[in-house]
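Enquirer:
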Amino acid sequence: MDYCELCFDRPQPLECRGLGKVGLDAVEGGRRLLGELEIRGPVRLHFVEVEAHRRTWFSGDRALYAVTVYNRSSLPMDRVVVSGGTSAFLEGSVRINGLSQPMEEPGAGVEIPGLDAGCEAVITWQEGLRAEEPLREEPVEVRYEYQFGGEQMDGKTQV
Numbered sequence: 001m002d003y004c005e006l007c008f009d010r011p012q013p014l015e016c017r018g019l020g021k022v023g024l025d026a027v028e029g030g031r032r033l034l035g036e037l038e039i040r041g042p043v044r045l046h047f048v049e050v051e052a053h054r055r056t057w058f059s060g061d062r063a064l065y066a067v068t069v070y071n072r073s074s075l076p077m078d079r080v081v082v083s084g085g086t087s088a089f090l091e092g093s094v095r096i097n098g099l100s101q102p103m104e105e106p107g108a109g110v111e112i113p114g115l116d117a118g119c120e121a122v123i124t125w126q127e128g129l130r131a132e133e134p135l136r137e138e139p140v141e142v143r144y145e146y147q148f149g150g151e152q153m154d155g156k157t158q159v
């Protein structure tokens, strides 16, 4: 199920045309990949960019948390999981784009089963506040999965 109803300015892959050789230089951690690729026709290049923002509001003895996940990629995300929150989470308070998700729990991870290219989803939940305990905002992690070239790929970001 895709939680996005309408997407404006959907990102598109880059279309490259040309003939000849292209150098490849990619770095991951301490590893570097070098290569020379020969292009013999049009090539489609996709990019993956998933971003998240967190906001918090306080009201009496409760805090409302909202995490907005943006898929700025040219590929759809098959699955997105938002994990965070504390043990003070109020059961039954999770919503995805305003729709109640009573069985979800932020500490275990709230799953968005699909997020199309250029779309966003908002996950909200409430936590109880205790006067004797200072508020501590725990990090929120966003993990995502997508298909590319017949392979399942993944990534993550933190807010």
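Residue 59 in the UniProt record's numbering sits at position 59 of the sequence shown, with consecutive numbering throughout. The beta carbon of each residue, even a glycine, is placed where N, CA and C say it ideally should be. Since this is a predicted model, take the numbers as computed values, not measurements.
(1) Three or more C-beta pairs under 8 Å: does that hold for the stretch 112-123 against the stretch 53-73?
(2) Spatial neighbours of residue 19 within its chain, please: C-beta separation below 7 Å, excluding the five flanking residues on both sides.
(3) Have a look at 130, 12, 152 and flag the residue whose alpha-carbon is nearest the alpha-carbon of residue 58.
(4) On the criterion of 16 or more Cβ atoms from any shown chain inside 10 Å, does residue 121 qualify as buried, or is it exposed?
(5) Quick check on this structure: which residue in 11, 152, 88, 95 has the alpha carbon closest to the alpha carbon of residue 62?
(6) Contact defined as beta carbons within less than 8 Å: I believe residue 48 pairs with residue 146. What is the distance between those atoms, to the nearest angstrom?
(7) Quick check: what's the CA-CA separation for residue 185 versus residue 110?
(8) Report the three-state DSSP secondary structure of residue 126 (helix, strand or coil).
(9) Suppose you measure from the CA of residue 103 to the CA of residue 90; what does that come to, to the nearest Å?
(10) Whole angstroms is fine: what's the gap from residue 126's alpha carbon to residue 21's?
(11) Could you check how far apart the C-beta atoms of residue 142 and residue 50 are, in whole angstroms? I think they sit under 8 Å.
(12) Around the Cβ of residue 124, are there at least 16 other Cβ atoms within 10 angstroms (buried) or fewer (exposed)?
(13) Determine which residues share a DSSP beta bridge with residue 34 and list them.
(14) Using a threshold of 8 Å, state whether the C-beta atoms of residue 170 and residue 144 are closer than that.
(15) Going by the DSSP bridge assignment, what does residue 71 pair with across the sheet?
(16) In this structure, does DSSP put residue 20 in helix, strand or coil?
(17) Please classify residue 140: is it buried, with 16 or more other beta-carbons within 10 angstroms of its beta-carbon, or exposed?
Expert: Based on what the coordinates show:
(1) Between the stretch 112-123 and the stretch 53-73 there are three or more inter-stretch CB-CB distances shorter than 8 Å, so the stretches are counted as touching.
(2) Taken in chain order, the residues that qualify are 39, 40.
(3) Residue nearest to residue 58 within the set 130, 12, 152 is 130 (criterion: CA-CA distance).
(4) With 16 or more other Cβ atoms within 10 Å, it is buried.
(5) Checking every option, the nearest Cα to that of residue 62 belongs to 88.
(6) Correct: roughly 7 Å between the Cβ atoms.
(7) Because residue 185 is not part of the residues shown, which for the chain are 1 to 159, the question remains open.
(8) Correct three-state label for residue 126: strand.
(9) Distance between the alpha carbons of residue 103 and residue 90 is about 12 Å.
(10) Answer to the nearest angstrom: the Cα atoms are 55 Å apart.
(11) Yes, residue 142 and residue 50 are in contact; Cβ-Cβ is about 7 Å, under 8 Å.
(12) By the 10 Å Cβ count, residue 124 comes out buried.
(13) DSSP lists 25 as the beta-bridge partner residues of residue 34.
(14) Residue coverage of the chain in this structure runs from 1 to 159, which leaves residue 170 outside it and unanswerable.
(15) Its beta-bridge partners are 50.
(16) Secondary structure of residue 20 (DSSP, three-state): strand.
(17) Classification of residue 140: buried, given that the 10 Å Cβ count is 16 or more.
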